[in-house]
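Engineer: Using the working numbering, the letters of the sequence shown correspond one by one to residues 43 to 99.
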Amino acid sequence: MYVCICNAVTEKDIHKAVREGISSLDQLSQATSVSLRCGSCQSRACQVLESALSNLK
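1. According to DSSP, simplified to helix, strand and coil, what is residue 76?
2. Considering residue 88, what are the terminal residues of the alpha helix (DSSP H) in which it resides?
3. Measuring alpha carbon to alpha carbon, tell me which residue in 44, 49, 43 is nearest residue 80.
4. When the Cα atoms are used, what is the spatial distance from residue 73 to residue 85?
5. Name the two residues that bound the continuous alpha helix (DSSP H) containing residue 50.
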């Protein structure tokens with residue numbers, strides 16, 4: 043499912059980024075471009091990021 047339509051970033055992309063060491067929204071934005079255009083996906087991106095980080099534990 044798409045989290046960021048502007049940059050075509052999916053939940054799968056975010057989970058992959060976390061597995062590769064991403065641990066903050068700033069890092070995620072740099073790695074995937076999520077939340078860099080209109081910003082409407084920021085809250086959903088944070089939710090998916092938190093979920094992915096908790097799945098690592």
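Cβ coordinates follow ideal geometry from the N, Cα and C atoms, glycine included. Predicted model only: the values in this text are computed from it and were never measured.
Structural biologist: According to the data block:
1. As a working mapping, residue 76 is identified with position 34 in the sequence shown. The answer is coil: DSSP assigns residue 76 none of H, G, I, E or B.
2. Along the sequence shown, read from residue 1 onward, the residue named residue 88 stands at position 46. That run of the alpha helix (DSSP H) goes 84-98.
3. Numbered from its first residue, the sequence shown carries residue 80 at position 38. Answer by Cα proximity: 49.
4. Counted from its first residue, the sequence shown places residue 73 at position 31. Counted from its first residue, the sequence shown places residue 85 at position 43. Approximately 17 Å, taken between the alpha carbons.
5. Translated into the one-based positions of the sequence shown, residue 50 becomes position 8. From DSSP, residue 50 is part of no alpha helix (DSSP H); its letter is neither H nor E.
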